[in-house]
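Asker: Got a structure for you, questions after.
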Amino acid sequence: MSMRRLLSLVCIVAALLAAACGSAPAREAASPSSTASGATPTPRPVQKLVFMAGFRPQANLPFVAAYLAAANGYFAEEGLDVDIRHASGQDEHLKLLLAKEVAFTTASGPQVLRRREDGLPVRAVALFGQRGDQGFVVRADAGIQTPADLRGRTVGFKAGIVTAEFHALLATAGLTVNDVRLQAVGFDPRIFIERGVEVFPVFLGNEPFAIRKAGVAIRTLDPAELGVPTLGLTYLAHADTVAADPDMVRRFLRATLRATQYAADHVDEAVTATLKYAPGADPAQQRALLETDLAAARRADGIGRSSQQQWDALEATLLKFGVLKTAGSASTAFTATIVDSLYDAQGRLR
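Taking numbering that gives the first Met the number 0, the leading residue of the sequence shown gets 0, the next gets one more, and so forth.
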């Protein structure tokens, strides 16, 4: 071998060694998820948890958000394996949440405040219903246009409870329950359809639809539209879960809030996803429920968020009408930091 050829080989080997040494630090600095290096991302361990809706399968928005987050793979993308269940009654969902057998459930704003007043270690981590889901219906031809027209009317109340919403509704017209005739009713709307009462309490998302379907023309009275502070459904978690694993809470919320946005843009698909959990349900009624919930959930800075002022106003109403006995529940009812962190300044999900 000539000296010239030997020197050429030495230079080539040296260049290769230099290239190898120069590239090693770059590979070491690359993130495991870096696509530039071609490295395979390190898979996130799958975290299993249970979401238990607080009622039977139906198109309430917090339920639909879980249905679609599972169906569209959003939970999987967040490294979550979510077992979706539904409460069978007797506060099963709350009992299992307190036992930490369920990670998330649903509860209305007033329910959250009552649980906190009772000293239960629960926190709402997202608020879907910016207004409450309870209202009242009257026949369209009953001559009842405003709360002032309720004077002297027969008003039904369910489960032995005259709600704070109804007390507050009357108060907007300077009335009290002494100005109406109260009558205990069950949950079957036939007593209203058959003219047993003139005013019937309803869940605004689905019961007005069912009454209209029965052929009765009605008008709804929504306390929120008359300035009464109300709040609807939340996602509820154990306080220990929020403190110990805020990252899991964040991932659950990101997946379900993505699904909420998807539901708003694909209502028919969201109803179809619901019917997989609620076979035999009326698709039209489920659509009406979902559209009502979507309308109640919208806010400029992002669905799921709330302010301390909202919770304080609700607490004041519940205190005024005897639902709560002591003040202070509102200050610990809602954990805002996690859901707030998921939105940018324009209210867009990050």
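The beta-carbon is built from N, C-alpha and C at its ideal position, and this holds for glycine as well.
The structure displayed is predicted, hence computed values, not measured ones.
1) Counting C-beta neighbours from all protein chains within 10 Å, is the total for residue 186 16 or more, i.e. buried, or is it exposed?
2) Going along the chain, which residues of its own chain have a beta-carbon closer than 8 Å to the beta-carbon of residue 239, five neighbours each way excluded?
3) Starting from the C-beta of residue 178, find all residues in its chain whose C-beta is less than 8 Å away, skip the five residues before and the five after it, and write them out in chain order.
4) Roughly how many whole angstroms lie between the Cα atoms of residue 363 and residue 175?
5) At what residues does the beta strand (DSSP E) containing residue 82 begin and finish?
6) Tell me which residue opens and which closes the alpha helix (DSSP H) that residue 74 is part of.
7) Tell me the rounded alpha-carbon separation between residue 220 and residue 156.
8) What is the DSSP secondary structure of residue 171, counted as helix, strand or coil?
9) Measuring alpha carbon to alpha carbon, tell me which residue in 86, 59, 44, 146 is nearest residue 225.
10) On the three-state DSSP scale, how would you describe residue 322?
11) With residue 234 as the anchor, note down where its beta strand (DSSP E) starts and where it stops.
12) Under a three-way DSSP split, which group does residue 217 fall into?
13) Could you name the residues of the same chain whose beta carbon sits closer than 8 Å to that of residue 65, not counting the 5 residues immediately before and after it, in chain order?
14) Can we say the segment 283-303 touches the segment 262-271, given the rule of at least three CB pairs closer than 8 Å?
15) Could you compute how far the alpha carbon of residue 104 sits from the alpha carbon of residue 234?
16) Taking 8 Å as the CB-CB limit, is residue 130 close to chain E?
17) Note down, in chain order, each residue of its chain lying with its Cβ closer than 7 Å to the Cβ of residue 192, except the 5 sequence neighbours on either side.
18) I'd like the span of the alpha helix (DSSP H) that includes residue 62, first residue to last.
19) Once the 5 residues before and after residue 299 are set aside, which same chain residues still bring their CB inside 6 Å of it?
20) For a test of the three-state rule: what should DSSP assign to residue 104, helix, strand or coil?
21) Would you report the Cα separation of residue 67 and residue 262, rounded to the nearest angstrom?
Answerer: Looking at the coordinates:
1) Per the 10 Å Cβ criterion, exposed.
2) By the criterion of a C-beta distance shorter than 8 Å, residue 239 is surrounded in its chain by 99, 120, once the five residues flanking it on both sides are discounted.
3) Residues of the same chain with a CB within less than 8 Å of the CB of residue 178, apart from the 5 flanking positions on each side, are 149, 150, 151, 169 in chain order.
4) Absent from the structure is residue 363, since the part of the chain shown begins at 0 and ends at 349.
5) Annotation for residue 82: the continuous beta strand (DSSP E) segment containing it runs 79-85.
6) Element bounds for residue 74: 73-76.
7) It is roughly 15 Å from the alpha-carbon of residue 220 to the alpha-carbon of residue 156.
8) Reduced to three states, the DSSP call for residue 171 is coil.
9) Among 86, 59, 44, 146, the Cα nearest to that of residue 225 is on 146.
10) Judged by DSSP in its simplified three-state form, residue 322 adopts coil rather than helix or strand.
11) Counting along the chain, the beta strand (DSSP E) containing residue 234 begins and ends at 232-237.
12) Residue 217: strand per DSSP, three-state reduction.
13) Scanning its chain for C-beta atoms nearer than 8 Å, with the 5 sequence neighbours on each side dropped, one finds around residue 65 the residues 50, 52, 81, 83, 255, 258, in chain order.
14) Yes, the segment 283-303 touches the segment 262-271.
15) Taking the straight line joining both Cα atoms gives about 6 Å.
16) The chain labelled as chain E is not found in the depicted structure, where only one protein chain is given.
17) Cβ neighbours of residue 192 beyond the five flanking positions: 210, 213, 215.
18) Per DSSP, residue 62 belongs to the alpha helix (DSSP H) from 60-70.
19) If the five residues before and after residue 299 are omitted, its C-beta is found closer than 6 Å to the C-beta atoms of 346, all from its own chain and listed in chain order.
20) Residue state, collapsed to three classes: strand.
21) The alpha-carbon atoms of residue 67 and residue 262 are separated by roughly 8 Å.
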